[in-house]
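So the sequence lines, in the order shown, correspond to chains A and B.
Just so you know, the UniProt record's numbering puts 73 at position 73 of the first sequence, and the rest follows in order with no gaps.
Just so you know, the UniProt record's numbering puts 160 at position 160 of the second sequence, and the rest follows in order with no gaps.
Note that CB positions come from ideal geometry on N, CA and C, so glycine has one too.
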Amino acid sequence: MFRQFLLGQRPAELSMGTVHARSLDPLPMHGPELGVQADDIDAPEMDQEPKQEVLENKDVVVQQVHIDGLGRTKEDLLTYEISDVFQAKNLIDVMRKSHEARQKLLRLGIFRKVEVVIDTSRGEDALPNGLDVTFEVTELRRMTGSYNTMVGNNEGSMVLGLKLPNVLGRAEKLTFQFSYGTKETSYGLSFFKPQPGNFERNITLNVYKVTGQFPWSSLRETDRGISAELSFPVWKTSQTLKWEGVWRELGCLARTASFPIREESGHSLKSSLSHGMVIDTRNSSILPRKGGLLKIHQELAGYTGGDASFLKEDFEIQLNKTLFWDSVLSASLWGGLLLPIGDKPTSIADRFYLGGPTSIRGFSMYSMGPQSEGDYLGGEAYWAGGLHLYTPLPFRPGMGGFGDLFRTHFFLNAGNLCNLNYGEGPQAHLKKLAECIRWSYGLGIVLRLGNIARLELNYCIPMGVQSGDRICDGVQFGAGIRFL
Amino acid sequence: MSLAAEAFMSQMAAAEPWPENATLYQPLKEDQILLSDCASSLAVQAYLRMCGLPVQVFCRANAEYMSPSGKIPFIHVGNQVVSELGPIVQFTKAKGHSLSDGLDDVQRAEMKAYMELVNNMLLTAEISRPRYSSPYSWPLNKILAYQKQWEVRRKMNAIGWGGKTLEQVYEDVSQCCQALSQRLGTQSYFFNKQPTELDALVFGHLFTILTTRLTSTELAERVKSYSNLLSFCRRIEQTYFEDKSS
Numbered sequence: 001m002f003r004q005f006l007l008g009q010r011p012a013e014l015s016m017g018t019v020h021a022r023s024l025d026p027l028p029m030h031g032p033e034l035g036v037q038a039d040d041i042d043a044p045e046m047d048q049e050p051k052q053e054v055l056e057n058k059d060v061v062v063q064q065v066h067i068d069g070l071g072r073t074k075e076d077l078l079t080y081e082i083s084d085v086f087q088a089k090n091l092i093d094v095m096r097k098s099h100e101a102r103q104k105l106l107r108l109g110i111f112r113k114v115e116v117v118i119d120t121s122r123g124e125d126a127l128p129n130g131l132d133v134t135f136e137v138t139e140l141r142r143m144t145g146s147y148n149t150m151v152g153n154n155e156g157s158m159v160l161g162l163k164l165p166n167v168l169g170r171a172e173k174l175t176f177q178f179s180y181g182t183k184e185t186s187y188g189l190s191f192f193k194p195q196p197g198n199f200e201r202n203i204t205l206n207v208y209k210v211t212g213q214f215p216w217s218s219l220r221e222t223d224r225g226i227s228a229e230l231s232f233p234v235w236k237t238s239q240t241l242k243w244e245g246v247w248r249e250l251g252c253l254a255r256t257a258s259f260p261i262r263e264e265s266g267h268s269l270k271s272s273l274s275h276g277m278v279i280d281t282r283n284s285s286i287l288p289r290k291g292g293l294l295k296i297h298q299e300l301a302g303y304t305g306g307d308a309s310f311l312k313e314d315f316e317i318q319l320n321k322t323l324f325w326d327s328v329l330s331a332s333l334w335g336g337l338l339l340p341i342g343d344k345p346t347s348i349a350d351r352f353y354l355g356g357p358t359s360i361r362g363f364s365m366y367s368m369g370p371q372s373e374g375d376y377l378g379g380e381a382y383w384a385g386g387l388h389l390y391t392p393l394p395f396r397p398g399m400g401g402f403g404d405l406f407r408t409h410f411f412l413n414a415g416n417l418c419n420l421n422y423g424e425g426p427q428a429h430l431k432k433l434a435e436c437i438r439w440s441y442g443l444g445i446v447l448r449l450g451n452i453a454r455l456e457l458n459y460c461i462p463m464g465v466q467s468g469d470r471i472c473d474g475v476q477f478g479a480g481i482r483f484l
Numbered sequence: 001m002s003l004a005a006e007a008f009m010s011q012m013a014a015a016e017p018w019p020e021n022a023t024l025y026q027p028l029k030e031d032q033i034l035l036s037d038c039a040s041s042l043a044v045q046a047y048l049r050m051c052g053l054p055v056q057v058f059c060r061a062n063a064e065y066m067s068p069s070g071k072i073p074f075i076h077v078g079n080q081v082v083s084e085l086g087p088i089v090q091f092t093k094a095k096g097h098s099l100s101d102g103l104d105d106v107q108r109a110e111m112k113a114y115m116e117l118v119n120n121m122l123l124t125a126e127i128s129r130p131r132y133s134s135p136y137s138w139p140l141n142k143i144l145a146y147q148k149q150w151e152v153r154r155k156m157n158a159i160g161w162g163g164k165t166l167e168q169v170y171e172d173v174s175q176c177c178q179a180l181s182q183r184l185g186t187q188s189y190f191f192n193k194q195p196t197e198l199d200a201l202v203f204g205h206l207f208t209i210l211t212t213r214l215t216s217t218e219l220a221e222r223v224k225s226y227s228n229l230l231s232f233c234r235r236i237e238q239t240y241f242e243d244k245s246s
């Protein structure tokens, strides 16, 4: 005979105050937070009145923690995630710590479902206030595949993806993606391994071949590369160290490409070390309401082999603040610098581009800055800033549902992209970046897509247009992940 | 090129005179250029000098990728880029400079036939000795060198030269040189007293074979045995390239 603790409240609103325990008819309650099983052994006794016991702050000892349902996962990986549950001293603590352990197990990305069962201890050495916690897990299948077709940019392609989660038993993940298109073919293989016990410290190895076409520069680029990336958290920041070796092949997209683009055609090898740091305190990456983002990235190429030799720095800052009436003020600043080392000029594949619906709205995609006969060559230094005011849609249609995905925004964007002559001093550089500033303002509607992407439809008025820039004044549509 | 494209290009070309800053691009001399590419480039340079058109020569590692057809040499004149001897001859003709205007139809047909002979025989003989190393860094230089060798082998197999031994190649070259030598006879140039594109082409190929540092000098010896071809090359070099031989 044993008694079990059951929870009679809706899991989503589990309050950590009072817990009522009573036995029920066998009604399985599988909620998103905690799933608990009912046992009907006590039911006949409890016909008349449910007995309620307030178990707040009753001392318990967690005697055993099991994980059931493991197939290929190695146990030593999981002991780190569940070890905290043993520290719990009372029932509230047990529930909270098991909830946290469940979240930790889910974030490994190897289980489809994790359920927690808390039961009294059984067996000879069971204490009267002892508890057994069991995590019932369902592992993901060994291999999952996906097949999509994509159409865009005058090209159709078929994308095949294969994912092998938990391939060696310790949360390693192997992903393969293959895209076969009417014009280009790309593929990539990626291997991810976290450190057991420290999921945020992980290493990723990539092998890929990617092709891209850039009509704004009449350029076609094929990259074949390998990279190794190490990620680890330091205090509140997330740091990344990466080595990358890429064989780049550039070619002209059309016979009418300008001569400077023709001169960039050919092969080059880039072997670079890079470091990135991210501090993200925003509450969401798309349409955040508060918090800030700081991203700094530097890349040094040429010291580990290869033809390309440069030092590249870029940063991204974003700050958000909620104002009155549910509106949000957001300010962002981007900047970058490419410094060639040695006397070889920089390659177009390393330079920065600016303009378009995702950066300075009102200008055509990447159509700003140095150009030759309509082909944009990119620049070695840039800065761009944006100021946005996001408000809910006027009259709030569809509030609480679909309407929440939309926002109206008023924006002001400004920026500049140019080449610097590094022989002059920093004063001259700042002066050059500050003259001929392009800027634009306008308003539009933003739609949030999941937590990754956003769509925008804006009415833009570009100003400060320099000769050679291509503008898109009036209505402009943009879709993407990273917006200024 | 299609007929319409050719017509369009002639119209564009005819509109402007030959500029001062015309440039010719070829691969790097020291370790990259193939024998056949060197010959083609020299042929184009000789032709332009014969026409009296100034051109500056630049060596670039990525010259063959810069070229619109993938073949070198190519010239950059004004806004246009033209590659290979055939199209370049057409291009200069559209600008009003031509060396073969004085020829009648029979001679022109003959000239074309000899040019084909030279292209087929001498060009492919040069290809059979690939000498391609790379100015790129490791491992790109190995990869590109393999790619080039594979391409060359494939081309040779396509024209049926894949199975030929070195001896057969030399025999073919000898026969070609004999035909050329007979046609030249005691004249200064192949047709009358004026040089034509055939002279430029033959000069380019023979001069390259004679002056290049090959592992075996068999090819050069075969050519040297025809004394009138030797003096022909020397004459053209002295007449048109003397100012650059400093």
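*Give the single residue among B:19, B:27, B:138, B:49 whose Cα lies nearest to the Cα of residue 201 (chain B).*
B:49
*What did DSSP end up calling residue 55 (chain B) once you bin it into helix, strand or coil?*
In the three-state reduction of the DSSP assignment, residue 55 (chain B) falls in the coil class, being assigned neither a helical nor a strand state.
*Does the beta carbon of residue 22 (chain B) come closer than 8 Å to any beta carbon on chain A?*
no
*Cβ of residue 82 (chain B) within 8 Å of any chain A Cβ*: no
*Report yes or no: do the segment 474-483 of chain A and the segment 444-459 of chain A share at least 3 C-beta pairs separated by less than 8 Å?*
yes
*Evaluate residue 304 (chain A) with the Cβ neighbour count: other Cβ atoms within 10 Å of its Cβ, from every protein chain shown; 16 or more gives buried, anything less gives exposed.*
By the Cβ-count criterion, residue 304 (chain A) is exposed, with fewer than 16 other Cβ atoms from all chains shown falling within 10 Å of its own Cβ.
*Output the boundary residues of the beta strand (DSSP E) element that contains residue 155 (chain B).*
Careful: residue 155 (chain B) lies outside any beta strand (DSSP E), inside the alpha helix (DSSP H) at 140-158.
*So what's residue 52 (chain A) in DSSP terms, helix, strand or just coil?*
Residue placement at residue 52 (chain A) is flagged as unreliable, the pLDDT there being 42, under the threshold of 50; a coordinate-derived value is accordingly withheld.
*Would you call the CB atoms of residue 379 (chain A) and residue 418 (chain A) closer than 8 Å?*
yes
*Roughly how many whole angstroms lie between the Cα atoms of residue 183 (chain A) and residue 209 (chain A)?*
14 Å
*With DSSP collapsed to three states, give me the class of residue 94 (chain A).*
Three-state DSSP puts residue 94 (chain A) in a helix.
_Same chain only: Cβ atoms within 7 Å of residue 289 (chain A), ignoring 5 sequence neighbours per side_ = 283, 320, 322, 328.
*Using a beta-carbon distance cut-off of less than 8 Å, what residues from the segment 297-315 of chain A approach chain B?*
305, 306, 307
*Does residue 66 (chain B) come within less than 8 Å of chain C when only Cβ atoms are used?*
Given the protein chain composition of this structure (A and B), no chain C is represented.
_Contacts around residue 51 (chain B), its chain only, beta-carbon distance under 7 Å, and the 5 residues preceding and following it disregarded_ = 92, 97, 99
*DSSP puts residue 104 (chain B) in a beta bridge; with which residues?*
Paired residues: none, contrary to the question.
*Should residue 247 (chain A) and residue 275 (chain A) be called a contact, given that it needs their Cβ atoms to be closer than 8 Å?*
no
*Cβ-based neighbour list, residue 187 (chain A), same chain, cut-off 8 Å, excluding 5 preceding and 5 following*: 176, 177, 178, 179, 208, 209
*asked:* Taking 8 Å as the limit between beta carbons, can you name the residues of its chain near residue 488 (chain A), skipping five residues before and five after?
replied: Because chain A here runs from 1 to 484, residue 488 (chain A) falls outside it and cannot be looked at.
*Figure out for me which residue from A:244, A:432, A:214 has the closest Cα to the Cα of residue 299 (chain A).*
A:244
*Run the CB neighbour count on residue 59 (chain A), radius 10 Å, all protein chains shown included, and call it buried at 16 or more, exposed below.*
Classification of residue 59 (chain A): exposed, given that the 10 Å Cβ count is below 16.
*Kindly list, in the order they appear in chain B, the residues whose Cβ is closer than 7 Å to that of residue 263 (chain A).*
66
*Buried versus exposed, by CB contacts within 10 Å (16 or more), residue 45 (chain B)*: That one is buried.
*Using a beta-carbon distance cut-off of less than 9 Å, what residues from the segment 45-64 of chain B approach chain A?*
60, 61, 62, 63, 64
*asked:* I want to see whether chain A comes within less than 8 Å of residue 137 (chain B), judged by CB atoms only; does it?
replied: yes
*Return the first residue and the last residue of the beta strand (DSSP E) that residue 418 (chain A) is part of.*
406-418
*asked:* Less than 8 Å between C-beta atoms, sequence neighbours within five positions excluded: which residues of the same chain meet that for residue 307 (chain A)?
replied: 268, 269, 270, 344
*asked:* Measuring straight from C-alpha to C-alpha, what distance separates residue 76 (chain B) and residue 144 (chain B)?
replied: 26 Å
*Establish whether the CB of residue 140 (chain B) and some CB of chain A are separated by less than 8 Å.*
yes
*Among A:482, A:259, A:167, A:223, nearest to residue 494 (chain A) - alpha-carbon criterion*: Residue 494 (chain A) cannot be examined here, being either before or after the span of chain A that is shown, 1 to 484.
*asked:* Can you look up residue 45 (chain A) in the DSSP assignment and give me helix, strand or coil?
replied: Caution applies to residue 45 (chain A), whose pLDDT of 41 falls short of 50 and renders its modelled position unreliable; the value that the coordinates give is listed next. Of the three classes helix, strand and coil, the one that applies to residue 45 (chain A) here is helix, per DSSP.
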